[in-house]
Structures are given as structure tokens and as C-alpha cells.
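**Student:**
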Amino acid sequence: MTEKIVVAGGGLVGAMAASFFARQGFDVDVFEIRPDLRRHDISAGRSINLALANRGIRPLEQLGLMERVSRLLIPMRGRMVHDGDGGANLQPYGQKPEEVIYSVSRGALNSLLLDAAEETGKVKFHFQHELRHIDFDGRQATFFDRESGDEKSVTFSRFIGADGAGSRSRALMGSALAAGHWQESVEPLDHQYKELEIPAGAGGSFQLEKHALHIWPRGGFMLIALPNLDGSFTATLFLPAHSADGPSFDSLKTAENVRDFFQHYFPDVLPLIPGLLEDFFDNPTGHLGTVRCAPWNLDERAILMGDAAHAIVPFHGQGMNCGFEDCAALNELMQCEAGNWQKIFTQYSDTRIPDANAIADMALENYVEMRNSVRDPKFLLKKAIGFELEKRFPDHFTPRYSMVMFHQLPYAEVQRIGEKNQLILSELSEDIEHIDQVDWRRAGELVKALLDD
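In C-alpha cells, the structure reads:
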């Protein structure tokens, strides 16, 4: 009898997972609470353009999809940091030509993954179906069809929860696990976000540098913008929800408040967003947070993937990439341990949880870096020293950002090495103001001593 896989969630990770299961020969039913985004525009105000990096590219290559995906991508070479006086400088992500990340539309990539899954002939999508209940013992899941108003029960061999940060699958699986065997934390960030649009210029031209992620860091908050293929930029304002001594979403209640805020903090952006007030008041205010849980499996019956297992804040551009890594890791285990679902699901959970926790930590740290540190001369000095160490000691030193974005090293290992990197950079940058003052003999000693340990 063919294994029947039921997936809750037809977003990026659910659609990719469905393709991997189908290519292993399984029949897959995917139930998604939203309408089919290929036929309905459902992303307004919540897209936060995605940054595709090497970790996410590898699973797409394994599925043979990168040629199609490449048509959706705009390479970004670095951060274009905008100061308060209208000036800007590019801070490269890496120092090799291939060390770029790619801006991609969430909706366009999700649509491509839905198409690819359907093309296998083994995946069926059911849209506007809300997960209500899972009988794990009887291996049945109950969904509410929002179009017909009916409930339907479906039988599964394995259940995959890929239904996002507010996952119903996670709640049901946690309830099914024996007391003392389930851990879960939801850590809201006290900052929220609002999506805005910088439209294309005349003839579809880009009004800002096309091949960069633009940042307007302002200490306690920031604005970012990522390029789109049509010449527009998706801009996102990240701001405290409440603040007694600075700007917050609470303080931006009127058109005058919003105009004055942008005129004061982002005067160079204001002329680029003619629809500022409409976007600001029509688009939802998004919430941010970190979800951690353990385990990610209920023996050999069910697992969690993507944001359902490990939602993280978007400040390292790794939410999607980490979710795609989940898919690749599970696929590799299915190939190595064919049919031994207890071992597949347990190893998947045990190996992925430390990595997810590590990137969650690093994403939170990167928010401080993006909104504040990128303006700090000491931060820029450390970055320059890190690049030079990578040139001089390529077998021993790689900047942490590069390890996250351009390498396949497990996140937990990146975090561990990154802590050692920081010790090295702090010592080498102490009491100096320019890279020419670095003691490179001492640098070599530090690198080899700490990183060989």
C-alpha cells in the first residue's frame, strides 16, 4: 500500500516538502487555509520580500528548479546604508563575485513551487481548508472547507505540519505528546512592521541602486527596501510597537504624524513613496516573534517543518532558507533510512532543532546590527579586519555573515565559530582606528589558536 502523506500548509516549505515526498514516490495531499495565490492576490502588505541564499538554493537545485527560479531573482551585492543626510555607502556582503544574495518575490516563488509540486502528478492541493483536529492514533486529520462549509476527514500515513508561525499542527501535536515531553516558547518581538512601496520610475527604471538591499538605520528602528523585477522596491518599516521616549507605531496615528515622521527620519525616501499614506493606513501592521519547540516529531506519525517548528525574525534573511534546509535534510534521511520512519523523524528533529535555535539567536542579533551597528565605525573596522583575515587565512577564518549566507555549515556550528571570531576581531580592533594599524602577526596567532581549538 502506498504511503499517504498529508501536509498542512501550502506555503513555501509545504509546497517544497510536497515535491520532495512526491519524488520519493509518495502520494501527497496538501491542505492550505488561504485561497490559491496563483488565482487570488492575497499578499498585500505582508510579503516582506525574501532573500534567497545558498542554503535555500541547494534544495531548489536538488529539485531541478533553479533554472526557473533564476528568472525571478535580482542579485544583491551588499547593504546600501543610507545616512540621515541623503548619503549612502555600499557595504558588500562578501568579497568574491559569487557572494551575493537574491531578492525574490514570496508570491512568485510560492507559485512556482506549487506548480512544480503539481507537475509531479502525485500532489493534490486543497485550498481554503482549515485544519481543525488530528486523531494521531487513528491517523485522521479533519479540515473545514471554507468554500462549502463542510468538514472532511482524511486518512494519512504521515502528517506534516508546515502551517506557519501560528501553527495549528504544532498546538495539536504538543497536546498529543505525553506531559513533560513537549517544550514550546513563543517570544514576541516588541517591534512590528509595515510594508510600503517605492514604485518604479519612468519606463520601469529603478529609483534606487538595483543590486543592493537598502537600509536606513536609525538606532532603535529602521527602514529597508528590496528590489522587484518591475523596477519597484518593497520597503518595510520596522519600529517599536510602543515607546515612551521615541517613535513607535503607537505614535503614528494621523496622516500628519506619518508625514512628519518620514520628513524627519527618512527625508530622502519621502519623495519616492507617493502612496505613503495609503500604504501606511491600508496595509496591516505585522507582528514579529520567535517560535521554539521540541521535539519536532510525534514518533513516526508526524513532524513539523518551517515556521511551524521554528519561526524566526526576518533580520538575517534566513527564515525561508532554514525551512528549505528542513526539506533537504528530511529528504536525505528518507533516502538513507528508507522506510524507517521512526528513525527518519527522530533524527530530523534531533539534528535540526539546535540549528534552528542558533539561527533564531543570530537573527535577533542581526536586527541590532542592521538598525544600529552598520553606522558604527568600530563595527565597520571589524568588518574590514574580518575580510582581510579571510584573505590572509582562508583555511582558518570566514566571517560569520558569510558562513550563514554563503556556506552549508550547520547554523549551530556557525554560531560557535562566530563567537570565537568575535573574540579575535574585538582584540585586533582594540585601541586602533584603522585597518593599517592591525598587528597581523598577532592576528595569525589568534586565528590559529582559537579556531584550531
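Number 240 in the working numbering belongs to position 253 of the sequence shown; there are no gaps in the numbering.
Beta carbons: idealized from backbone N, C-alpha and C, even for Gly.
#1: Three or more beta-carbon pairs under 8 Å between the region 52 to 71 and the region 193 to 210, yes or no?
#2: Would you mind reading off the limits of the alpha helix (DSSP H) that contains H251?
#3: Could you give the residue range of the beta strand (DSSP E) that holds L213?
#4: Can you name the residues that DSSP bridges to L25?
#5: For D102, report the span of its alpha helix (DSSP H) as first-last.
#6: Let me confirm a value: F268 is counted as buried when at least 16 other C-beta atoms fall within 10 Å, else exposed. Which label applies?
#7: Check for me: the beta strand (DSSP E) holding P79 runs from which residue to which?
#8: Is D28 buried or exposed, if buried means 16 or more other CB atoms sit within 10 Å of its CB?
#9: By Cβ distance, which residues of its chain are closer than 7 Å to I422, with the 5 residues on each side in sequence left out?
#10: Tell me which same chain residues have a C-beta within less than 7 Å of the C-beta of I86, skipping the five on either side of it?
#11: Ordered along the chain, which non-local residues of its own chain (more than five positions away) have a Cβ less than 7 Å from that of I411?
#12: Across the region 181 to 195 and the region 325 to 340, are there enough close Cβ pairs to call them in contact, namely three or more that are closer than 8 Å?
#13: Would you mind reading off the limits of the beta strand (DSSP E) that contains G140?
#14: Measure from the alpha carbon of A149 to the alpha carbon of each residue in F332, G293, G304, then state which is nearest.
#15: Quick one: Cα of A231 to Cα of K240, how far?
#16: So, does the region 311 to 323 touch the region 332 to 343, judging by three or more C-beta pairs under 8 Å?
#17: Roughly how many whole angstroms lie between the Cα atoms of G306 and G161?
#18: Output the distance between the C-alpha atoms of S416 and G304, rounded to the nearest integer angstrom.
#19: Nearest to G188 by alpha carbon, out of D217, F143, V141, F311?
#20: Give the straight-line distance between the Cα atoms of K139 and H229, rounded to the nearest whole angstrom.
#21: For the alpha helix (DSSP H) containing T333, list its first residue and its last residue.
#22: What do you get for D102, buried or exposed, if any count of 16 or more other CB atoms within 10 angstroms of its CB means buried?
#23: Can you tell me the Cα-Cα spacing of G1 and D16, whole angstroms?
#24: Where DSSP assigns a beta bridge to T385, which residues make up the other side?
#25: Let me know if K83 comes out buried or exposed under the rule of 16 or more other beta-carbons within 10 Å of its beta-carbon.
#26: Quick one: grab the DSSP three-state call for A152.
#27: In whole angstroms, what is the alpha-carbon distance linking A95 and L275?
#28: So does the region 343 to 362 actually touch the region 398 to 405, counting three or more Cβ pairs closer than 8 Å?
#29: Apply the 10 Å Cβ neighbour rule to R428 and answer buried if 16 or more other Cβ atoms are within range, or exposed otherwise.
#30: Identify whether R126 lies in helix, strand or coil by the three-state DSSP scheme.
#31: Closest to K365 by C-alpha separation, out of L285, S413, V91, would be which residue?
#32: Taking the beta carbon of A166 as the centre, do at least 16 other beta carbons fall within 10 Å, making it buried, or is it exposed?
#33: Do R157 and C280 have their C-beta atoms closer together than 9 Å?
#34: For I372, report the span of its alpha helix (DSSP H) as first-last.
#35: Can you tell me whether G151 is buried or exposed? The criterion is at least 16 other CB atoms within 10 Å of its CB, across all chains shown.
#36: Nearest by alpha-carbon distance to G207: which of R58, L100, F220, N353 is it?
**Tutor:** In brief:
#1: yes
#2: Locating residue 251 in the sequence shown gives position 264, counting from the first residue. From DSSP, the alpha helix (DSSP H) with H251 extends over 242 to 252.
#3: Along the sequence shown, read from residue 1 onward, the residue named residue 213 stands at position 226. Its beta strand (DSSP E) spans residues 209 to 214.
#4: If you number the sequence shown from 1, residue 25 lands on position 38. What sits at residue 25 in the sequence shown is Arg, not Leu. Answer by DSSP bridge pairing: none, since R25 is not bridged.
#5: As a first step, residue 102 must be located in the sequence shown, where it is residue number 115. Note, D102: alpha helix (DSSP H), 93 to 106.
#6: The sequence position of residue 268 within the sequence shown is 281, counting from 1. A residue is called buried when at least 16 other Cβ atoms come within 10 angstroms of its Cβ; F268 does not meet this threshold and is exposed.
#7: Mapped onto the sequence shown, residue 79 falls at position 92. Looking at the DSSP string, the run of the beta strand (DSSP E) that includes P79 is 75 to 79.
#8: Reading the sequence shown from its first residue, position 41 is the one you call residue 28. That one is exposed.
#9: Start at 1 with the first residue of the sequence shown, and residue 422 comes out as number 435. Same-chain partners within the cutoff: L368, A371, I372, E375.
#10: Looking up residue 86 in the sequence shown gives position 99. Position check: residue 86 holds Glu in this sequence, whereas Ile was assumed. Around E86: Y80, S389, F393.
#11: Start at 1 with the first residue of the sequence shown, and residue 411 comes out as number 424. Hits under 7 Å: L433, V434, L437.
#12: no
#13: Position 153 of the sequence shown holds residue 140. It is Ser, not Gly, that sits at residue 140 in the sequence shown. Its beta strand (DSSP E) spans residues 138 to 142.
#14: Taking the first residue of the sequence shown as 1, we reach residue 149 at position 162. Looking at F332, G293, G304, the one whose alpha-carbon comes closest to that of A149 is G293.
#15: To locate residue 231, count along the sequence shown from 1; it is residue 244. To locate residue 240, count along the sequence shown from 1; it is residue 253. A231 and K240 have their C-alpha atoms roughly 15 Å apart.
#16: yes
#17: On the sequence shown, position 319 is the one that residue 306 refers to. On the sequence shown, position 174 is the one that residue 161 refers to. If I take the Cα positions, the gap works out to 22 Å.
#18: Locating residue 416 in the sequence shown gives position 429, counting from the first residue. Locating residue 304 in the sequence shown gives position 317, counting from the first residue. Whole-angstrom Cα-Cα distance: 28 Å.
#19: On the sequence shown, position 201 is the one that residue 188 refers to. Comparing Cα positions, the closest option is D217.
#20: Counted from its first residue, the sequence shown places residue 139 at position 152. Counted from its first residue, the sequence shown places residue 229 at position 242. The straight-line gap separating the alpha-carbon atoms of K139 and H229 is approximately 43 Å.
#21: In the sequence shown, the residue the question calls residue 333 occupies position 346. Taken as a continuous stretch (DSSP letters only), the alpha helix (DSSP H) holding T333 covers 328 to 358.
#22: Against the sequence shown, residue 102 aligns to sequence position 115. Looking at its Cβ environment, which holds fewer than 16 other Cβ atoms inside 10 Å, D102 is exposed.
#23: In the sequence shown, the residue the question calls residue 1 occupies position 14. In the sequence shown, the residue the question calls residue 16 occupies position 29. One C-alpha to the other measures close to 10 Å.
#24: For the purposes of this step, residue 385 is taken as the residue at position 398 of the sequence shown. Bridge partners of T385: none, in fact.
#25: Counted from its first residue, the sequence shown places residue 83 at position 96. The residue is exposed, with fewer than 16 neighbouring Cβ atoms inside 10 Å.
#26: Working through the sequence shown from its first residue, we reach residue 152 at position 165. It is coil, neither helix nor strand.
#27: By 1-based counting over the sequence shown, the position of residue 95 is 108. By 1-based counting over the sequence shown, the position of residue 275 is 288. Going by the C-alpha atoms only, they are around 23 Å apart.
#28: yes
#29: As a position in the sequence shown, residue 428 is number 441, starting the count at 1. Exposed is the call here.
#30: Along the sequence shown, one-based indexing puts residue 126 at 139. DSSP places R126 in coil when its eight states are reduced to three.
#31: As a working note, residue 365 is residue 378 in the sequence shown. Of L285, S413, V91, the residue nearest in Cα terms is S413.
#32: Translated into the one-based positions of the sequence shown, residue 166 becomes position 179. Its Cβ having fewer than 16 others within 10 Å, A166 is exposed.
#33: Position 170 of the sequence shown, counting from 1, holds the residue named residue 157. Position 293 of the sequence shown, counting from 1, holds the residue named residue 280. Their beta carbons are under 9 Å apart, which means R157 touches C280 by this criterion.
#34: Indexing the sequence shown from 1 puts residue 372 at position 385. Its alpha helix (DSSP H) spans residues 364 to 379.
#35: Here residue 151 is taken as the residue at index 164 of the sequence shown, counted from 1. That one is buried.
#36: Taking the first residue of the sequence shown as 1, we reach residue 207 at position 220. The shortest C-alpha separation from G207 is found at N353.
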